[in-house]
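Comments concern the structure below.
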């Protein structure tokens with residue numbers, strides 16, 4: 050009886066490991082229209098209303114916890130204000146939630162206002178899910194194909210470029226952020242106009258590098274980097290030109306390399322954004 | 013764990029709610045710059061209450077739903093959470109019901125195991141990443157948070173599943189027993 054139980058337990062465990070490894074393997078091999086991707090999209094679509102509801106309902110609680118965390122971190126500098134802050138915490142948490150969302154929306158409109166190309170428009174989405182690890186730099190938003198969102202559409206946060214859509218279901222989309230290992234964007238340094246490829250520094254969510262800048266082009270700390278948005282015939286960048294990406298923090302020139310490497314700090318606070326705008330084609 | 017239809021419904025609901033809260037609530041919390049891993053602690057609790065098989069199945073299921081909700085590589089979260097659930101269950105089968113201190117210690121150790129397992133899977137999948145100080149700091153803080161949250165999470169899951177638990181069920185008389193039908197052979201139980 051006991052041996053039978055152990056055999057059954059082993060069989061189930063091996064089956065689960067085998068299924069997981071098969072998922073991993075097949076997921077990489079199949080196209081985005083493959084059966085596993087379809088199953089994933091169905092599950093995500095079915096659960097997305099609950100995900101969105103939980104995200105909205107728990108936002109005040111989340112902000113309150115985060116408020117405590119931030120307050121604790123700043124406690125050393127604000128010891129004398131502790132009592133006063135404690136009295137105001139509930140009202141502050143609610144007020145900050147509303148204010149932060151409003152400011153984020155206003156900044157979003159300001160960022161995308163001047164850069165949306167003709168024939169395109171923006172769709173505002175709320176972030177309803179985030180990858181909990183530093184390995185996947187993705188978020189899930191509450192807008193999908195029904196709102197005109199398609200794979201590869203650019204996504205902009207309140208302070209600058211956020212990333213692009215990499216998966217879309219009817220009601221939700223996965224946004225791969227510019228800090229994801231698979232991300233790369235053509236960037237232009239302002240002023241000056243030097244162009245290069247902006248890539249992430251995996252493991253440090255706010256550090257980006259601008260590679261392939263020609264040697265000899267002078268770039269100083271504090272200069273801005275925006276999307277270059279190149280176009281060559283039918284071939285063009287996914288991102289329209291002029292979206293702020295980040296600010297130069299360090300410029301290094303190594304003797305053996307033909308190109309300069311510039312470190313940037315992303316403008317967008319990608320770990321804490323609540324709203325984004327997706328640039329979609331008009332009339333989709 | 014005695015699996016009746018109402019208990020299975022509770023387990024499924026617990027798994028779904030855990031996965032939804034993981035991506036929409038826990039991942040947005042910032043405690044010293046890191047996020048607590050609520051799903052991992054629930055899987056650990058199910059392993060500690062139901063044994064290695066329950067832990068592994070819970071880890072697989074919750075991981076699958078998380079991967080679906082985040083539209084990310086299927087199987088990665090399942091594998092790492094399955095390892096956590098299995099190890100928690102083996103602890104329970106080997107050492108019985110954990111004390112408060114042991115629960116906190118397990119919470120920390122298994123959180124670290126989950127983080128390392130997930131990182132190993134990512135590296136295996138070809139993510140080219142440096143082990144930066146931020147990654148190490150994140151793992152350390154998440155581990156500490158895991159240790160702190162493990163006892164209340166285990167308590168909550170135990171309350172939710174109390175009717176199904178052998179040691180808490182009516183007639184058990186408070187006798188300390190391992191999950192499953194294993195008492196006579198527990199001392200000589202072979203490693204799986």
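Chains as they are written, first to last, in the numbering used here: chain A, 50 to 333; chain B, 13 to 204.
Note that the Cβ used here is the ideal one computed from N, Cα and C, for glycine as well.
This one's a predicted model, so the numbers in the text were calculated from it and none came from an experiment.
Quick one: using the 10 Å Cβ neighbour count with 16 as the cut-off for buried, is residue i buried or exposed?
{"i": "residue 53(A)", "result": "exposed"}
{"i": "residue 311(A)", "result": "buried"}
{"i": "residue 49(B)", "result": "buried"}
{"i": "residue 201(A)", "result": "exposed"}
{"i": "residue 242(A)", "result": "exposed"}
{"i": "residue 112(B)", "result": "exposed"}
{"i": "residue 178(A)", "result": "buried"}
{"i": "residue 47(B)", "result": "buried"}
{"i": "residue 62(B)", "result": "buried"}
{"i": "residue 148(A)", "result": "exposed"}
{"i": "residue 294(A)", "result": "buried"}
{"i": "residue 72(A)", "result": "buried"}
{"i": "residue 144(A)", "result": "exposed"}
So is residue i in contact with chain D if we call contact Cβ pairs under 8 angstroms?
{"i": "residue 44(B)", "result": "Judged by its chain identifiers, the structure shown contains no chain D, and its protein chains are A and B."}
Got a sec: is the Cβ-Cβ distance from residue i to anything in chain B below 8 angstroms?
{"i": "residue 324(A)", "result": "no"}
{"i": "residue 216(A)", "result": "yes"}
{"i": "residue 308(A)", "result": "no"}
{"i": "residue 177(A)", "result": "yes"}
{"i": "residue 58(A)", "result": "yes"}
{"i": "residue 196(A)", "result": "no"}
{"i": "residue 114(A)", "result": "yes"}
{"i": "residue 315(A)", "result": "no"}
{"i": "residue 150(A)", "result": "no"}
{"i": "residue 330(A)", "result": "no"}
{"i": "residue 69(A)", "result": "yes"}
{"i": "residue 223(A)", "result": "yes"}
{"i": "residue 92(A)", "result": "yes"}
Would you mind stating whether residue i and residue j have Cβ atoms separated by less than 8 angstroms?
{"i": "residue 60(B)", "j": "residue 95(B)", "result": "no"}
{"i": "residue 75(A)", "j": "residue 85(A)", "result": "yes"}
{"i": "residue 174(A)", "j": "residue 329(A)", "result": "no"}
{"i": "residue 89(A)", "j": "residue 83(B)", "result": "yes"}
{"i": "residue 115(B)", "j": "residue 163(B)", "result": "yes"}
{"i": "residue 373(A)", "j": "residue 220(A)", "result": "This structure cannot speak to residue 373(A), because chain A is shown only from 50 to 333."}
{"i": "residue 90(B)", "j": "residue 106(B)", "result": "no"}
{"i": "residue 271(A)", "j": "residue 296(A)", "result": "yes"}
{"i": "residue 228(A)", "j": "residue 35(B)", "result": "no"}
{"i": "residue 51(B)", "j": "residue 92(B)", "result": "no"}
{"i": "residue 43(B)", "j": "residue 118(A)", "result": "yes"}
{"i": "residue 217(A)", "j": "residue 247(A)", "result": "no"}
{"i": "residue 19(B)", "j": "residue 137(B)", "result": "no"}
{"i": "residue 170(B)", "j": "residue 177(B)", "result": "yes"}
{"i": "residue 117(B)", "j": "residue 151(B)", "result": "no"}
{"i": "residue 236(A)", "j": "residue 316(A)", "result": "no"}
{"i": "residue 114(A)", "j": "residue 166(B)", "result": "no"}
{"i": "residue 168(B)", "j": "residue 123(B)", "result": "no"}
Give me whichever residues DSSP pairs with residue i in a beta bridge.
{"i": "residue 260(A)", "result": "246(A)"}
{"i": "residue 225(A)", "result": "187(A) and 213(A)"}
{"i": "residue 311(A)", "result": "259(A) and 300(A)"}
{"i": "residue 295(A)", "result": "274(A) and 315(A)"}
{"i": "residue 169(A)", "result": "330(A)"}
{"i": "residue 138(B)", "result": "According to DSSP, residue 138(B) bridges with nothing at all."}
{"i": "residue 238(A)", "result": "274(A)"}
{"i": "residue 151(A)", "result": "Paired residues: none, contrary to the question."}
{"i": "residue 200(A)", "result": "Per DSSP, none; premise fails for residue 200(A)."}
{"i": "residue 113(B)", "result": "Beta-bridge pairing links residue 113(B) to no other residue."}
{"i": "residue 174(A)", "result": "325(A)"}
{"i": "residue 205(A)", "result": "210(A) and 326(A)"}
Quick one: does residue i have its CB under 8 angstroms from some CB of chain A?
{"i": "residue 188(B)", "result": "Residue confidence is low: residue 188(B) scores 45 on pLDDT, short of 50, so the model does not pin down where it sits. No coordinate-derived value is stated."}
{"i": "residue 68(B)", "result": "yes"}
{"i": "residue 94(B)", "result": "yes"}
{"i": "residue 180(B)", "result": "Caution applies to residue 180(B), whose pLDDT of 48 falls short of 50 and renders its modelled position unreliable; the model cannot decide the point."}
{"i": "residue 130(B)", "result": "yes"}
{"i": "residue 20(B)", "result": "no"}
{"i": "residue 24(B)", "result": "no"}
{"i": "residue 85(B)", "result": "yes"}
{"i": "residue 40(B)", "result": "yes"}
{"i": "residue 156(B)", "result": "no"}
{"i": "residue 107(B)", "result": "no"}
{"i": "residue 57(B)", "result": "no"}
{"i": "residue 99(B)", "result": "no"}
{"i": "residue 152(B)", "result": "no"}
{"i": "residue 91(B)", "result": "yes"}
{"i": "residue 16(B)", "result": "no"}
{"i": "residue 162(B)", "result": "no"}
| said: So within the segment 37-98 of chain B, which uninterrupted alpha helix (DSSP H) runs reach at least 4 residues, ignoring any that extend past its ends? | reply: 50-62 and 64-81
| Complete runs of the alpha helix (DSSP H) confined to the segment 14-39 of chain B [at least 4 residues] | 17-36
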